[in-house]
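Positions 1 to 257 (the UniProt record's numbering) are the ones given, in order, by the sequence shown. Quick reminder that beta carbons are idealized off the backbone N, C-alpha and C, glycines included. To keep things clear, I will list the structure first and then write my remarks on it.
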Amino acid sequence: MTDTETTEPTDTEHRTEPLLRLEDVHKSYGTERVLRGISLEIERGDVEVLVGPSGSGKSTLLRCLNRLTEVDEGDIYLGDLEVTGENNPNEIRQQIGMVFQDINLFAHLTARKNVTLGLRKVRGMDETEARERADAELARVGLADQADSYPAQLSGGQKQRVGIARALAMDPEVMLFDEPTSALDPELSNEVLAVMRELVEDGMTMVVVTHEMRFARGAASSISFLESGEIVERGPPDRMFDDPKEERTKRFFESIR
Ligand code: ADP
Ligand code: MG
1 MTDTETTEPT DTEHRTEPLL RLEDVHKSYG TERVLRGISL EIERGDVEVL
51 VGPSGSGKST LLRCLNRLTE VDEGDIYLGD LEVTGENNPN EIRQQIGMVF
101 QDINLFAHLT ARKNVTLGLR KVRGMDETEA RERADAELAR VGLADQADSY
151 PAQLSGGQKQ RVGIARALAM DPEVMLFDEP TSALDPELSN EVLAVMRELV
201 EDGMTMVVVT HEMRFARGAA SSISFLESGE IVERGPPDRM FDDPKEERTK
251 RFFESIR
């Protein structure tokens, strides 16, 4: 090696880049400052769990991550792609899939059609290819036998799993989950959490807002505690649960026990 090579950073080959990078993200609604300078780096394959009181900005943060909401200030990158840049939001949403608390399937379409729709319209797949892809994703979430069912014929947990299959079908780099089990009974929640755990095992990069602390503790690479639009504290799950440094984090974890 020459001196030049050892002293000057040349290119990216020796650095591990985070897959998702937020730099000083701000967002206000009117005079309410909902996100006040969020900076966060998430590595490929990591699972970031966001916790915090209602109204702390968790959903807004997820929405900024896939351009459902535009940030006021700051930057978000997915690898080299500038999420907050001039890119087409649809391109971002293919790469960053999202699953919401409210299960938003098209009621007049079967489970399979709910999944093929995006593949046909956004990916331009032909019917046969889209159908094969949809059926594979439905099988992945344990719904191979429900492809022809309409949403009204499915349980809340099954609908939520169709929503996950629909997002996965686009082959995203990152999956965002916004309280995916909050509207479900415990038994149905468990079906959804089991699918999410499988995604974790498969190495999917995920950002998850959830009140399911058992999931958080078992699956998270790290937990961020948000309050009033700021990350008050971030750390590995065991430390966040057992030995939080900040008084506000302590109070939060005590309040949900
Ligand atoms: P969380 O998901 O942590 O409960 P949210 O991100 O949903 O928090 O909301 C944070 C704050 O931003 C709340 O006070 C909420 O009322 C406000 N807010 C969220 N979305 C909007 C919106 N579209 N218009 C106005 N205020 C909003
Ligand atoms: Mg929310």
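Next item on the list: Confirm the yes/no value for this check: CB of S59, any heavy atom of the ligand MG, distance under 7 Å.
Entry: Under cutoff, so the answer is yes.
Note to self: For L176, list the residues DSSP reports as bridge partners.
What the structure shows: DSSP output for L176 lists M98 and V207 as bridge partner(s).
Next item on the list: Give the straight-line distance between the Cα atoms of T205 and L62, rounded to the nearest whole angstrom.
Entry: Roughly 14 Å between the two C-alpha positions.
Checklist line | Rounded separation between L19 and S39 - CA only | finding: Between L19 and S39, the C-alpha separation is close to 14 Å.
Notebook entry, point to check: For S224, which beta-bridge partners are listed by DSSP?
Noted result: Paired residue(s): L50 and R234.
Note to self: Given this structure, state the Cα-to-Cα distance separating E8 from L176, to the nearest angstrom.
What the structure shows: Any reading at E8 must be qualified, since the residue scores a pLDDT of 49, below 50, and its modelled position is unreliable; the value itself is stated next. Taking the straight line joining both Cα atoms gives about 37 Å.
Item checked: G74, enclosing alpha helix (DSSP H) - first and last residue -> Run containing G74: none in the alpha helix (DSSP H); it sits in the beta strand (DSSP E), E73 to L78.
Notebook entry, point to check: For A49, is the beta carbon positioned less than 7 Å from some heavy atom of the ligand MG?
Noted result: The displayed chain sequence assigns Val, not Ala, to residue 49. No, the Cβ of V49 stays beyond 7 Å of every heavy atom of the ligand MG.
Check: Is the beta carbon of G229 less than 8 Å from the beta carbon of V34?
Finding: V34 is positioned such that its CB atom lies closer than 8 Å to that of G229.
Note to self: Measuring straight from C-alpha to C-alpha, what distance separates E73 and D145?
What the structure shows: Answer to the nearest angstrom: the Cα atoms are 46 Å apart.
Check: Hey, is E230 close to the ligand MG, as in C-beta under 7 Å from one of its heavy atoms?
Finding: Outside the cutoff, so no.
Checklist line | Uninterrupted alpha helix (DSSP H) stretches inside the segment 103-160 (no shorter than 4 residues) | finding: For the segment 103-160, whole alpha helix (DSSP H) runs of length 4 or above, ordered along the chain, are 111-121 and 127-140.
Notebook entry, point to check: In angstroms, rounded to a whole number, what distance separates the CA positions of T60 and D46?
Noted result: Rounded to whole angstroms, T60 and D46 show a C-alpha spacing of 21 Å.
Check: At a cut of 8 Å, does the segment 130-143 reach the segment 93-102 through at least three beta carbon pairs?
Finding: The segment 130-143 vs the segment 93-102: no contact.
Notebook entry, point to check: How should F252 be labelled, buried or exposed, when 16 other C-beta atoms within 10 angstroms of its C-beta is the threshold for buried?
Noted result: Counting the other Cβ atoms within 10 Å of the Cβ of F252 gives 16 or more, which makes it buried.
Check: Which of the three DSSP states, helix, strand or coil, is assigned to L199?
Finding: DSSP, reduced to helix, strand and coil, places L199 within a helical segment of the structure shown.
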